[in-house]
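Using full-length UniProt numbering, you'd call the opening residue of the sequence shown number 1 and step up by one each time. No residue lacks a Cβ here, since even glycine has one placed at the ideal position from N, Cα and C.
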Amino acid sequence: MLEVVSAELYCYSCTSAQSGCGDPIDVRLMHWKKCTGRTLIENYCVKLIEKVEDQTTVTRGCLSDLLMNTQYRLDMPQLRRHGYCVNSRDYQQYLLKILKGKTLVETAMGLFSDNNMNYKHFCYCNDFNGCNHDTSSTPHFIKHNFPILTITLIITWFAFKMLQLLKICLMYTVAKWCFSKRKSLRKAGEWAIVTGASSGIGEAYAEELAKDGLNILLISNDESQLRLVSERISTDYHVETRIVVADFTQNNVYDVIKPAIQQLSTIACLVNNVGMGLPIGPFVGETQSPNEQSIHDIIHCNVLSTAMMTHIVLPKMLSQKGSNPGIINIASYSALRVTPYLSLYSSTKAFIIQLVKCISAELYTKKLITQTLTPLIVYTSMTSNERLSFFVPTAQVFAKSALDMFGVQQQTTGYIRLEFKAFLYDLIPTPLWISLTKFRVDSRKKTA
Numbered sequence: 001m002l003e004v005v006s007a008e009l010y011c012y013s014c015t016s017a018q019s020g021c022g023d024p025i026d027v028r029l030m031h032w033k034k035c036t037g038r039t040l041i042e043n044y045c046v047k048l049i050e051k052v053e054d055q056t057t058v059t060r061g062c063l064s065d066l067l068m069n070t071q072y073r074l075d076m077p078q079l080r081r082h083g084y085c086v087n088s089r090d091y092q093q094y095l096l097k098i099l100k101g102k103t104l105v106e107t108a109m110g111l112f113s114d115n116n117m118n119y120k121h122f123c124y125c126n127d128f129n130g131c132n133h134d135t136s137s138t139p140h141f142i143k144h145n146f147p148i149l150t151i152t153l154i155i156t157w158f159a160f161k162m163l164q165l166l167k168i169c170l171m172y173t174v175a176k177w178c179f180s181k182r183k184s185l186r187k188a189g190e191w192a193i194v195t196g197a198s199s200g201i202g203e204a205y206a207e208e209l210a211k212d213g214l215n216i217l218l219i220s221n222d223e224s225q226l227r228l229v230s231e232r233i234s235t236d237y238h239v240e241t242r243i244v245v246a247d248f249t250q251n252n253v254y255d256v257i258k259p260a261i262q263q264l265s266t267i268a269c270l271v272n273n274v275g276m277g278l279p280i281g282p283f284v285g286e287t288q289s290p291n292e293q294s295i296h297d298i299i300h301c302n303v304l305s306t307a308m309m310t311h312i313v314l315p316k317m318l319s320q321k322g323s324n325p326g327i328i329n330i331a332s333y334s335a336l337r338v339t340p341y342l343s344l345y346s347s348t349k350a351f352i353i354q355l356v357k358c359i360s361a362e363l364y365t366k367k368l369i370t371q372t373l374t375p376l377i378v379y380t381s382m383t384s385n386e387r388l389s390f391f392v393p394t395a396q397v398f399a400k401s402a403l404d405m406f407g408v409q410q411q412t413t414g415y416i417r418l419e420f421k422a423f424l425y426d427l428i429p430t431p432l433w434i435s436l437t438k439f440r441v442d443s444r445k446k447t448a
């Protein structure tokens, strides 16, 4: 419904001899109380103030009464062009035909508007034939209220979100079954390279790729744990395994990694999983804030490792024959949101997302399949303070699901429950998200 708070309209050049025919007529809305027993546009109470010379006449009543009053006529040029007499039965039927099924209706003044909000010229006049259509003025509106527009936007937003939920369900069911490229990795090469493979997500990925028959090159800084994982995978899945002990926070680490990669026959997959976090806290100002060394370490471990490993492996992948090889990168959902107290970690993970997007634009349709994972919390040694729950999967569950999604979506959380959780988080406006994050961190400080 269109609400007109106030308006003025004028009638010019009446041909009748009545005095004051050219004086302004002021129509103002009194209230929205409906006249009982009326329908559609005719059920609004209005006040008509007519000024003729020094006399002022006030008329109150239903709009329908004013329309049908022999003293006042509503002149609408667009109706006149259709050959209708505006106060005739034909006019009423024509108006009802136009308004049928529409939510934008006649205003309290009797002003008709079309769907494009293009107001037509009109005027009230003592003599129907006296109004000059060409000089009738369009009123100036002070305020409009369009609740129907608000409702439409809400319904549209809700429908869009429902489509997003449907897309999530289809991606992790039908699309995964039809488009997953996991099984084709075995045809792309003989070896898979996994960084950060001594525990957590890296270890789980190494196991899943070994299940598919790929030999595994495991890279990590924990030699004893790395050897245990290597022996177990080799025994359980009957594949060849090799290890490289490497600390990705060091500058010369790639001098050890490059020769090991060059010795591999063909490479099917690279999993850039290695990463580190920092204590949750502000960027500066507190004891848990990062120092210069920790800033150096996290950038080398999270950022430089992804760029360097991709740069080392990619030329060998592109020179191979066979199916498309793949590069899988573990980022984080925190890279997609403004996350106070995790500024460095979130920023390093955001670098991974952007790097993969750019590389994909160069090579995705040729010989390389890339996947960026943006999971929320996965239960690992790095997140041991979190509990297993419906929305917190184990590393094994996550790795299996994420590998099944390889080739289906270039960027994904990797696990359907995490996808639903991310969907819910995305509904939170950024200012509220920041406030909730700060509140959670402050609460942990008090309970620590």
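Assigned with DSSP and collapsed to three states, L149 falls in helix. As summarised for the region 180-239, the continuous beta strand (DSSP E) elements at least 3 residues long and confined to that stretch are 191-195, 215-220, given in chain order. Residue state for R444 is assigned as helix, using DSSP reduced to three classes. The alpha-carbon of G407 is positioned some 24 Å away from that of N302. The alpha-carbon separation between I369 and W433 amounts to approximately 33 Å.
In terms of Cα proximity to D212, the closest of A268, A335, I219, E223 is A268.
In the structure shown, the three-state DSSP call for I168 is helix. Taking one beta carbon from each stretch, the region 291-309 and the region 242-259 have 3 or more pairs nearer than 8 Å; the two touch.
Residue environment analysis places P431 among the exposed positions, since fewer than 16 neighbouring C-beta atoms fall within 10 angstroms of its C-beta.
Closest option to K181, judged by alpha-carbon separation, among L403, H311, Y415, L418: L403. When DSSP reads this structure, R417 sits in no beta bridge, so it has no partner.
Q293 carries a helical assignment under DSSP once its states are collapsed to helix, strand and coil.
Assigned with DSSP and collapsed to three states, V303 falls in helix. Between the alpha carbons of P259 and V253 lies a gap of roughly 11 Å. Counting only the Cα atoms, L418 lies some 21 Å from E207.
Judged by DSSP in its simplified three-state form, Y379 adopts strand. Residue environment for V338: exposed (fewer than 16 other C-beta atoms within 10 angstroms of its C-beta). Under the three-state reduction of DSSP, V244 is assigned to strand. Under the three-state reduction of DSSP, S332 is assigned to coil, being neither helix nor strand.
Note on geometry: alpha-carbon atoms of L218 and L436 lie some 39 Å from one another. Taking 8 Å as the cut-off, the beta carbon of L373 is found closer than this to the beta carbon of T412. When DSSP states are grouped into helix, strand and coil, S360 belongs to the helix group. Spatial neighbours of F398 in its own chain (CB-CB distance under 8 Å, excluding positions within 5 residues in sequence) are listed in chain order as I201, A204, P375, V378, G414, Y415, L418. Within its own chain, the residues whose Cβ lies closer than 6 Å to the Cβ of S323, once the five positions on either side in sequence are excluded, are S184, K187, A188, listed in chain order.
Contact annotation: K421 and F391 have beta-carbon atoms nearer than 8 Å. Around the beta carbon of W191, a 10 Å sphere encloses 16 or more other beta carbons of the protein chains shown; the residue is thus reported as buried. In the assembly as shown, K400 is a buried residue. Its beta-carbon has 16 or more other beta-carbons within 10 Å.
The shortest CA-to-CA distance from S305 to any of D426, V194, Q288, P282 is the one to V194.
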